[in-house]
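**Student:**
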Amino acid sequence: MYFETTSCSMLGMDSRLIRVETDVSEGFPRFEIIGLADSAVKEAVDRVRTAMKNAGYLVPLKRVTVNLAPAGFRKAGSAGFDLAIAVAVLGAMGAIDKESVSDTALIGELSLNSSVKGVAGALPLVCFLRDSGINRIILPSENYLEVNRVPDVALVPVDSLSQAVRYLKGGEVSARGSDLLAPVCGKRDVPDFEDVKGQLHVRRAVEVAAAGRHHMLMMGPPGAGKTMVARRVPGILPNASFDEQLEISKIYSLAGLLNDNGNWIGDRPFRSPHHTTTLAGLAGGGRYPMPGEISLSHNGVLFLDELPEFKRHVMEALREPLEEGRITLVRSGVAHVFPADFMLVGIDESVPLRTLS
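Residue numbers (this note's numbering): 3 to 359.
Here it is, written out as C-alpha cells:
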C-alpha cells in the first residue's frame, strides 16, 4: 500500500519541500530509504523501526520502501524526517487515513523510546513551510516556543509518536508549552552610548554612521577609546522591526544559538570575531553549510578589532557581503546563500599618530 507525507529539508538557508513516499508490499523483509539521502538520514531506518516498536506499532515483515522526493535534491545532516517517515509507514500499513495528513507537514527526530526530539533550524523550516502553502505543521514540543510567534500557520506540538498518531486520528493534543504565551524577544544589556564623555567629533561621526548604517573605520593609538565607542554602536541603532527580528532569529536558530526558552533575538546583534578567526569562521561553511560571523551579524554590527591583523584571504570574504548584502557558499556543486547585511566597524591601531594630525 502506498502512502505519502510532507516534510522539509534544509541545506544552509535553502529549503525544499520533501515528499516522503512510502510503499509497503509483499517481498523479502527489508526497510530502505532512497532519494539521495546521506548516511545520517538513512540511519532513520533503525530509529524509526525501534521507535515504532516501543510505541506499540510493529513494522510488518514486508518490503518497506521510503523515497524522499525529489530525488535530485541531496538530503543531508538532518534527522528531521523521522516523524514524517514513521507516520508514512503507519499510513501505508492502514493505521492512518490519507485525508488526515493533507495540507500537513511533519518535522521531528525520533528517539528510540518513541519520543519526538527537537531539531535545529525549526524557525526557518516553519517559515518556509508556511510560505509554501502548508497550513498545519506537526513538530516537536521542544521547538514550539521558538516558532509560536510565526503567524498564519497552525502549529501542533507533540512529545511522542503515539501523540502524533492520536492527533491525526482525531484526538486532542495537550503538549508541553502549547498553552504558553508567545515568548518575549530576548534582550541583552547593551553598553550605553552616554558613557562616551567628550570626544564630540567621534560622537558626531558615529551618530551619522549609525543613522545611515554606513561602514566605519576608526584609527588612533591604543587607549583612545575606539573599542569602547564601537561596542556602544548597537545601542543607538534603530530598534529591529518584527521582520528583522524574524530574519535574525532564523539565522541563529539554524546555528543553534537561540536560548533554551526559544526566545527570538530581539535586538541587533553585535559580533566581534578575533583576528585569528578562519575563513570558515567568518564567512561560514563546513560539510553542512552553517552561517559564519558575517551572517550572524545580519541586521546588526560586525566589529573587527585589529583590522590589519586579519589574514588577507579572510578579509577578501567581505567583498560580496559589503556589495550585495549576502554571501554565497558553494559546497559539492550546490550554492547556498546566507543573508549578510551588516554595518562594519573596524579599528586600525597601526597608523602612526603623526599621520592623524
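The beta-carbon is built from N, C-alpha and C at its ideal position, and this holds for glycine as well.
Just to confirm before moving on: does the CB-CB distance between G37 and N69 stay below 8 Å?
**Tutor:** N69 sits close to G37, with the two beta carbons spaced by under 8 Å.
**Student:** What residue from R151, R206, G14, R314 has the CA that sits closest to Q247's CA?
**Tutor:** R151
**Student:** Tell me, please, which residues DSSP counts as bridged to K77.
**Tutor:** A39
**Student:** List the residues that DSSP assigns as beta-bridge partners of G286.
**Tutor:** P293
**Student:** Hey, E148 and L125: beta-carbon distance below 8 Å or not?
**Tutor:** Cβ atoms of E148 and L125: closer than 8 Å.
**Student:** Can you say whether L114 is buried or exposed, counting buried as having 16 or more other CB atoms within 10 angstroms of its CB?
**Tutor:** exposed
**Student:** Where T280 and G327 are concerned, what is the direct C-alpha to C-alpha distance, given to the nearest angstrom?
**Tutor:** Straight-line measurement puts the Cα of G327 at about 21 Å from the Cα of T280.
**Student:** Expressed to the nearest angstrom, what Euclidean distance is found between the alpha-carbon atoms of E130 and S17?
**Tutor:** Position check: residue 130 holds Phe in this sequence, whereas Glu was assumed. Cα to Cα, F130 sits roughly 7 Å from S17.
**Student:** Between which residues of its own chain and A348 is the CB-CB distance below 6 Å, once the five residues before and five after are set aside?
**Tutor:** What sits at residue 348 in the sequence shown is Gly, not Ala. Same-chain partners within the cutoff: L219, L306, L309.
**Student:** Which stretch, first to last residue, makes up the beta strand (DSSP E) that contains I267?
**Tutor:** Segment: none, I267 is in no beta strand (DSSP E) and carries neither H nor E.
**Student:** Taking all protein chains shown into account, decide if Q165 is buried (16 or more other Cβ within 10 angstroms of its Cβ) or exposed.
**Tutor:** buried
**Student:** Could you tell me if P341 is buried or exposed, where buried requires 16 or more neighbouring beta carbons within 10 angstroms of its beta carbon?
**Tutor:** Residue burial is scored here from C-beta neighbours: P341 has at least 16 other C-beta atoms within 10 angstroms and is therefore classed as buried.
**Student:** Let me know the secondary structure DSSP gives P159 once reduced to three states.
**Tutor:** strand
**Student:** Label E111 either buried or exposed according to how many other C-beta atoms from any shown protein chain fall within 10 Å of its C-beta, with 16 as the threshold for buried.
**Tutor:** buried
**Student:** What residues match up with T8 in a beta bridge as DSSP calls it?
**Tutor:** R21, A107
**Student:** May I ask which residues mark the beginning and end of the alpha helix (DSSP H) holding R205?
**Tutor:** 202–214
**Student:** List the residues that DSSP assigns as beta-bridge partners of S117.
**Tutor:** S162
**Student:** Return yes when the Cβ of M292 is within less than 8 Å of the Cβ of L163, no when it is not.
**Tutor:** no
**Student:** Can you give me the C-alpha to C-alpha distance between S9 and R234, rounded to a whole angstrom?
**Tutor:** 43 Å
**Student:** Across the region 136–144 and the region 252–259, are there enough close Cβ pairs to call them in contact, namely three or more that are closer than 8 Å?
**Tutor:** no
**Student:** Restricting to Cα atoms, I'd like to know which of F244, N263, F195 is closest to K228.
**Tutor:** Out of F244, N263, F195, F195 has the C-alpha closest to the C-alpha of K228.
**Student:** Only counting the same chain, and skipping five residues up and downstream in sequence, which positions put a Cβ closer than 7 Å to that of A46?
**Tutor:** If we look at A46 and ignore the five residues flanking it on each side, its Cβ neighbours are I35, A81, F83, D84, I87.
**Student:** Quick check on the burial criterion: 16 or more other C-beta atoms within 10 angstroms. Buried or exposed for G172?
**Tutor:** Counting Cβ neighbours within 10 Å, G172 comes out exposed, since fewer than 16 surround it.
**Student:** Do G237 and P193 have their CB atoms nearer than 8 Å?
**Tutor:** yes
**Student:** Tell me the rounded alpha-carbon separation between N145 and L260.
**Tutor:** Rounded to whole angstroms, N145 to L260 spans 11 Å at the Cα level.
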